[in-house]
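Heads up, the sequence shown is in my numbering, so the first residue is 27 and it goes up one at a time. Data first, discussion second: the structure below is written as structure tokens.
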Amino acid sequence: MPPRGLSRTLLPLIHDALAAAAAWTLAYLLRLNFELPPPHNRGLALTLPWVVPLQVVVFWIFGLYRGMWRYASLPDLRRIVLASAAAVLVTTIALYMLRLPMPVPRSVLVLDPILLIMFMGGSRLGYRMWREHRLYGPAQLSGEPVLILGAGEAAALLVKELSRSHEWRVVGLLDDDRAKVGQQLQGVKVLGTCGQLPQIAPRLGVAHAIIAMPSQGHGVRRRAADLCAAAGVRALTVPAFADLVSGRVTVSAIRQVELDDLLGRDPVQLDDRGLHQLLTGRTVLVTGAGGSIGSELCRQIARFRPGRLVMFELNEFGLYQVEQEFREAFPELPIVCAIGDAKNPGRVEQVFREHRPSVVFHAAAYKHVPLMEVENAWEAVTN
27 MPPRGLSRTL LPLIHDALAA AAAWTLAYLL RLNFELPPPH NRGLALTLPW
77 VVPLQVVVFW IFGLYRGMWR YASLPDLRRI VLASAAAVLV TTIALYMLRL
127 PMPVPRSVLV LDPILLIMFM GGSRLGYRMW REHRLYGPAQ LSGEPVLILG
177 AGEAAALLVK ELSRSHEWRV VGLLDDDRAK VGQQLQGVKV LGTCGQLPQI
227 APRLGVAHAI IAMPSQGHGV RRRAADLCAA AGVRALTVPA FADLVSGRVT
277 VSAIRQVELD DLLGRDPVQL DDRGLHQLLT GRTVLVTGAG GSIGSELCRQ
327 IARFRPGRLV MFELNEFGLY QVEQEFREAF PELPIVCAIG DAKNPGRVEQ
377 VFREHRPSVV FHAAAYKHVP LMEVENAWEA VTN
């Protein structure tokens, strides 16, 4: 019995070889109205043994056998399109060089990649649909009914993930954007506005509502929580937007609404145009660049393409970690890693003299107050 990894590669390869043979044969049949007179019959028999191995080699080169069919997606379909186009190009050149006695009709070379994409892409996406239905189909009919407040990106991700859940069954979405009412998101209909929750929830027998508005202000989320209370449904929410973007948690990590979700400061909207004028093309220096605040500042500054980013930090290991991250994440950005203490005037003057920064973000600070205010008070004052 072949190893599991080998069978996962061998079976798709055999499938694509059969798909290549079927596509080439069908292209001939379509070109000749499903009649193969003797000359073309012979041409098909002569070309098929060359076409199939050549195309399979091209498919292998394009990496069609690295992915798993159960996770087939648009990038896989894009790769199939490119591989099919390249395969037909290679086939055309090879058949021309072989100088076969029976030339291949040009329309066959046009039809072949279209049929290849249909056979190979369709089978992969069909397999994924069949597998997901087999694994998660029953889950869509079970679980507790729930409404989602919000019909944005977070809601789309949430609907997709909850479609695989046995605990929840999404019965509808609500959004204050009236233009979205009646539309569908991941197959789930936007039933009305958030203000209609008290009328819609009893009709659908819903006892829970999920507030999927992580990027909205606290005022919007507070209103959503009040609507849930007025409708007599239990309010749940998704993680903060920053946690979703960072990848620390997924949108399906649903939890109860907490006080912090309803209080605090709304997100600050950055003035992108002003920041571009301030930072783009200029030398920017960040002190404390290896700390949590300084490193995040550096990441945000990098988005505005400064001419050079000087990272000033006392902690050598912290600066090393940030440097490694930036070498990989922003390879085109010129960076300077300067070890030094912001309290050392000589070192600060040397860095300023050498790099002449136009903008300075001073993030070198002790920010853990309980730790610094007793035994380390003098160090805090000095800093």
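Positions of the beta carbon are idealized from the N, C-alpha and C atoms, including for glycine.
Query raised in the report: Relative to the alpha-carbon of A391, which residue among R329, V312 and L359 has its alpha-carbon at the smallest distance?
Result: Translated into the one-based positions of the sequence shown, residue 391 becomes position 365. Per the Cα distances, V312.
Report task. From the DSSP output, read off the bridge partner residues of A112. Result -> In the sequence shown, residue 112 corresponds to position 86, counting from 1. Beta-bridge partners of A112 (DSSP): none assigned.
Query raised in the report: Quick one: any contact between the stretch 132-149 and the stretch 210-228, if contact means 3 or more CB pairs under 8 Å?
Result: Contact between the stretch 132-149 and the stretch 210-228 is absent, because fewer than three Cβ pairs lie under 8 Å.
Query raised in the report: With a CB to CB cut of under 6 Å and the five nearest residues on each side skipped, what residues in its chain are close to N409?
Result: As a position in the sequence shown, residue 409 is number 383, starting the count at 1. Within the same chain, Y392 come within 6 Å of N409 by CB-CB distance, once the 5 residues on both sides are set aside.
Query raised in the report: Do A47 and L72 have their CB atoms nearer than 9 Å?
Result: By 1-based counting over the sequence shown, the position of residue 47 is 21. By 1-based counting over the sequence shown, the position of residue 72 is 46. Contact: no.
**Report entry** M239, DSSP secondary structure in three states
**Finding:** Locating residue 239 in the sequence shown gives position 213, where the first residue counts as 1. Looking at M239 - three-state DSSP - the assignment turns out to be coil, as it is neither helix nor strand.
Report task. Find the nearest neighbour of V336 within the set Q303, H388, L301 and K369, judged by alpha-carbon distance. Result -> The residue given as residue 336 occupies position 310 in the sequence shown. The option with the nearest alpha carbon to V336 is H388.
Query - Buried or exposed by the 16-neighbour rule on C-beta atoms within 10 Å, applied to E339 - result: The residue labelled residue 339 in the question sits at position 313 within the sequence shown. Taking every protein chain shown into account, the CB of E339 has 16 or more other CB atoms within 10 angstroms, so this residue is buried.
Query raised in the report: With distances taken from CA atoms, which of R334, F330 and L121 is nearest G300?
Result: Taking the first residue of the sequence shown as position 1, residue 300 is located at position 274. Per the Cα distances, F330.
Query raised in the report: Shortest alpha-carbon distance to R260 belongs to which of G243, P240 and G231?
Result: To locate residue 260, count along the sequence shown from 1; it is residue 234. For the residues G243, P240 and G231, the minimum Cα distance to R260 belongs to G231.
Query raised in the report: Does the separation of the CB atoms of L173 and V197 fall below 9 Å?
Result: By 1-based counting over the sequence shown, the position of residue 173 is 147. By 1-based counting over the sequence shown, the position of residue 197 is 171. L173 places its beta carbon less than 9 Å from that of V197.
Query raised in the report: Between Q347, G344, L175 and F352, which lies nearest to A257 when the distance is taken from Cα to Cα?
Result: For this step, residue 257 is matched to residue 231 along the sequence shown. Checked all of Q347, G344, L175 and F352; the closest Cα to A257 is L175.
Requested in this report: Answer yes or no: do A227 and A238 have a C-beta to C-beta separation smaller than 9 Å?
Outcome: Stepping through the sequence shown from its first residue, residue 227 is reached at position 201. Stepping through the sequence shown from its first residue, residue 238 is reached at position 212. Not closer than 9 Å, so no.
Requested in this report: Work out the CA separation of V407 and M398 for me, nearest whole Å.
Outcome: To locate residue 398, count along the sequence shown from 1; it is residue 372. To locate residue 407, count along the sequence shown from 1; it is residue 381. Taking the straight line joining both Cα atoms gives about 9 Å.
Query raised in the report: Given E342, which residues of its chain have a CB within under 7 Å of its CB, disregarding the five upstream and five downstream residues?
Result: Here the question's residue 342 lines up with position 316 in the sequence shown. Only I365 meet the Cβ criterion.
Query raised in the report: Straight-line CA distance for V136 to M155?
Result: Indexing the sequence shown from 1 puts residue 136 at position 110. Indexing the sequence shown from 1 puts residue 155 at position 129. Taking C-alpha positions only, V136 is separated from M155 by approximately 29 Å.
Query raised in the report: Grouping DSSP H, G and I as helix and E and B as strand, with all else coil, what is H192?
Result: Position 166 of the sequence shown, counted from the first residue, corresponds to residue 192. DSSP places H192 in coil when its eight states are reduced to three.
Query raised in the report: What number of angstroms, rounded off, separates the C-alpha of N67 from the C-alpha of A111?
Result: For the purposes of this step, residue 67 is taken as the residue at position 41 of the sequence shown. For the purposes of this step, residue 111 is taken as the residue at position 85 of the sequence shown. Rounded to whole angstroms, the gap between the alpha carbons of N67 and A111 is 25 Å.
Query raised in the report: On the premise that L223 lies in contact with L200, defined as a C-beta separation below 8 Å, what is that separation, rounded to the nearest angstrom?
Result: Your numbering for residue 200 matches position 174 in the sequence shown. Your numbering for residue 223 matches position 197 in the sequence shown. Taking the Cβ atoms as the reference, L200 lies roughly 6 Å from L223, within the contact range of under 8 Å.
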